[in-house]
Every structure is written in structure tokens, then in C-alpha cells.
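The structure under discussion appears below in the form of C-alpha cells.
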Amino acid sequence: TMNTILYRAQERLDQKVVECKEFQQKTTRTSALVKKALAHLGQQLANNARIMTTTMGGIDEASRKAQVLKEQETQQQMAYEQSKKIDKIQFEQREKDLQEAEFMLDMTMCKGALIDQGDDSGGAAR
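Pasting the structure below:
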């Protein structure tokens with residue numbers, strides 16, 4: 042009969058309405074969870090970006106300091122080499138002067154003079 046057909050159709054419709062409402066509630070809950078998760082991930086991403094920026098700043102500062110130290114080391118090495126060169130020239134000049142003085146002493150020494158050349162008495166006469 043027509044009432045039975047309408048009754049069954051109404052039951053199916055009511056069941057579909059219930060299914061749709063359940064689906065909508067599940068979708069709403071899922072959407073809320075996804076939004077919450079996205080907000081949390083956004084906070085983590087922002088925090089990681091802040092940490093990365095801070096770290097990169099630290100790396101840049103360390104690189105700058107390393108460069109300054111390398112420049113200072115180069116300057117000190119150059120100063121050392123210059124000082125060493127000057128000292129070597131002075132040493133060679135003094136060594137030459139000493140050789141000349143020894144030669145002059147040898148040339149002007151009196152024959153038969155007594156010269157103490159390193160015995161244990163501790164004194165030297167020239």
C-alpha cells in the first residue's frame with residue numbers, strides 16, 4: 042500500500058539524515074583536529090625558524106672572529122719574519138765585525154807574547 046511505501050521511504054530518509062549528521066559531526070571533529078595540528082606545526086615551524094636564525098647569526102659571528110684571528114696571525118707572522126730578518130742581518134754584521142776584530146788582534150799581536158787561551162785558571166791575558 043501507499044502508506045507502507047511512504048513509511049519505508051521516510052525510514053530510509055531518516056536513516057540517511059542520521060548518517061549525514063554523523064558524517065558532518067565526524068568531519069567537524071576531524072577538521073578541528075587538523076586545524077589544531079596545523080596550528081601546532083605552525084608554531085614549531087616558527088620556533089625552528091627562530092632557532093635557525095639565531096644559529097646562523099652565531100655561525101656568522103664565529104666566522105667573522107675566525108677571519109679576524111687569521112688576519113691577526115698573518116700580521117704577527119709578517120712582523121715576526123721582519124724582526125727575524127733584521128736580527129739575522131744584525132747577527133751577520135756582528136759576526137763579521139768579530140771576525141775582523143779577531144783578525145786585527147791576530148795581526149797586531151806581539152810575537153812571543155803569553156796568551157792564556159782557555160786553561161783552567163779562569164783568566165785571559167792579551
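All the letters of the sequence shown, read from the start, carry residue numbers 42 to 167 under the numbering used here. We put the beta carbon where it would ideally sit given N, CA and C, even for glycine.
Item: What residues in its chain sit with their C-beta under 7 Å from that of Q116, if we drop five residues either side in the sequence?; Value: none
Item: Under a three-way DSSP split, which group does K67 fall into?; Value: helix
Item: Note down, in chain order, each residue of its chain lying with its Cβ closer than 7 Å to the Cβ of D55, except the 5 sequence neighbours on either side.; Value: none
Item: What separation, rounded to the nearest whole angstrom, lies between the Cα atoms of R70 and F64?; Value: 10 Å
Item: Go ahead and pull the three-state DSSP assignment for M43.; Value: helix
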